[in-house]
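J.: Residue numbers (mature numbering (1 follows the signal peptide of the UniProt record, and there is no 0)): -16 to -1, 1 to 139.
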């Protein structure tokens, strides 16, 4: 158990290159060619309309052996409410991390919260560009369509 914990801590420390500064949260398919399927709005919703992509400030936090950070958008701090990503004025800024385990996108850092990272919406997965943005949450494996990892695109 100690060995696994040390490996995970090392992976988190080594992966502190992205999710820092200002960027976008991108939704990348977890299979096939890992296609970029869309982005996250400032409110924490999933869209494939590039005009609605939010910008986020990622700020490193201290007190953990793994790299952790908070995310804030113009709408407010980001958190996980239930299993859904939300960003807004009344939110508590949650500590997110980098997904260090296998099964994410090779050589691409992905958002993690606790032991969760793979996400989907209850809609089309991905939504069409003309669709309203949709709630995005950690997968329950009952959703249809393509599951995504949230990745960072520096602005």
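Glycine included, every Cβ here is placed at the ideal spot set by N, Cα and C.
May I have the straight-line CA-CA distance separating residue 16 from residue 118, to the nearest angstrom?
T.: Using only the alpha carbons, I get a separation of about 23 Å.
J.: Quick one: what's residue 104 bridged to in DSSP?
T.: Answer is 121.
J.: Between the C-alpha atoms of residue 116 and residue 89, what's the straight-line distance to the nearest angstrom?
T.: Going by the C-alpha atoms only, they are around 27 Å apart.
J.: With a Cβ-Cβ cutoff of 8 Å, do residue 4 and residue 65 count as a contact?
T.: Not a contact, by the Cβ cut-off of 8 Å.
J.: Quick one: Cα of residue 109 to Cα of residue 45, how far?
T.: The alpha-carbon atoms of residue 109 and residue 45 are separated by roughly 32 Å.
J.: When the distance is taken between beta carbons, is residue 81 closer than 8 Å to residue 103?
T.: Not in contact: residue 103 and residue 81 (Cβ atoms no closer than 8 Å).
J.: Could you tell me the distance, in whole angstroms, from the CA atom of residue 62 to the CA atom of residue 69?
T.: Going from the Cα of residue 62 to the Cα of residue 69 covers about 7 Å.
J.: Kindly list the residues whose CB is nearer than 6 Å to the CB of residue 125, restricted to its own chain and excluding five residues on each side of it in sequence; keep chain order.
T.: For residue 125, where only same-chain residues beyond five positions count, there are no Cβ hits under 6 Å.
J.: For residue -16, name the three-state secondary structure that DSSP assigns.
T.: Note that residue -16 has pLDDT 40, beneath the 50 cutoff, so the model's placement of it is unreliable and no number is given.
J.: Could you please give the first and the last residue of the uninterrupted beta strand (DSSP E) stretch that includes residue 3?
T.: Element bounds for residue 3: n/a, residue is neither H nor E.
J.: With DSSP as the reference, identify every bridge partner of residue 94, one or two as the case may be.
T.: Answer by DSSP bridge pairing, in chain order: 135.
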